[in-house]
Amino acid sequence: MSPDRLARLSHRMAGLTLAVMAALLALNVLNWLYPPYASDSYGFSFGLSSRWLAHRSIDVTAFPAWQTAGAILITSVPLLVLMRGLTHLRALFRSYADGAYFSMEAARNLATVGRSIAWWVLAEFLAEPILSLWLTLRAEPGHRMVVMSLDTPALVSLFVAACIAVIGKILQRACEVYQENQQFV
Numbered sequence: 018m019s020p021d022r023l024a025r026l027s028h029r030m031a032g033l034t035l036a037v038m039a040a041l042l043a044l045n046v047l048n049w050l051y052p053p054y055a056s057d058s059y060g061f062s063f064g065l066s067s068r069w070l071a072h073r074s075i076d077v078t079a080f081p082a083w084q085t086a087g088a089i090l091i092t093s094v095p096l097l098v099l100m101r102g103l104t105h106l107r108a109l110f111r112s113y114a115d116g117a118y119f120s121m122e123a124a125r126n127l128a129t130v131g132r133s134i135a136w137w138v139l140a141e142f143l144a145e146p147i148l149s150l151w152l153t154l155r156a157e158p159g160h161r162m163v164v165m166s167l168d169t170p171a172l173v174s175l176f177v178a179a180c181i182a183v184i185g186k187i188l189q190r191a192c193e194v195y196q197e198n199q200q201f202v
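Each residue of the sequence shown is one higher than the one before, starting from 18 at the first, in the numbering used here.
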């Protein structure tokens, strides 16, 4: 792949990353504001909200506005953590578009992407019991729930996050060694 083509691809990926960021936040809000579409799913599932919207004992359409707003905020927290990583991913693609393939900044951005994915998984894990309590807050006594779960996609995400973070650290070290070698030349 030619350098110009790679730069264009990196630039497009930076733009696509920004679009994904906006779409994730918008889809989260839309899932709570229009729950009939989310509960019927139509082949679509979205994070923490889809787990609860499919729960038959919870009627999201009957929620008062304050409870829906709270659910949107609770499910947005993990996404905002992920946004930090996606912001660094976008910066990484922009660095690549500028031709800075082995820069210290690019390596730091890659490591931050990995760490942010790990923090996102942790934030989802911690948000689920808060969300379950929030959604069952108005339920009759004995029907309130506090739920915690860790599924296979979360474990895979943690593994991939660790790999990305380690590769980012390795690239940082490679940049340091390269800079040291340049001083001797």
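Note that the Cβ used here is the ideal one computed from N, Cα and C, for glycine as well. Remember, predicted model here, so these are calculated numbers, not experimental data.
- Cβ neighbours of A123 within its own chain (closer than 6 Å, five residues either side excluded): L109, S112, A117.
- Judged by DSSP secondary structure, E145 falls within the alpha helix (DSSP H) whose first and last residues are 121-152.
- Secondary structure note for P95: its alpha helix (DSSP H) is the uninterrupted segment 82-114.
- Nearest in C-alpha terms to L42, of all of V98, W83, P81, is V98.
- When C-alpha distances from L175 are compared across A135, A191, A39, the shortest belongs to A135.
- In the assembly as shown, V183 is an exposed residue. Its beta-carbon has fewer than 16 other beta-carbons within 10 Å.
- Here DSSP, grouped into helix, strand and coil, assigns M38 to helix.
- Selection I75, L47, S120, G87 evaluated against V194 yields S120 as nearest (Cα-Cα).
- When M162, L139, H105 are compared, the shortest CA-CA separation from T129 is found for H105.
- Here I89 is near V46, since their CB atoms are less than 8 Å apart.
- One thing to note: V94 has its Cβ within 8 Å of the Cβ of A140.
- Annotated as proximal: A114 and S27, with beta-carbon spacing under 8 Å.
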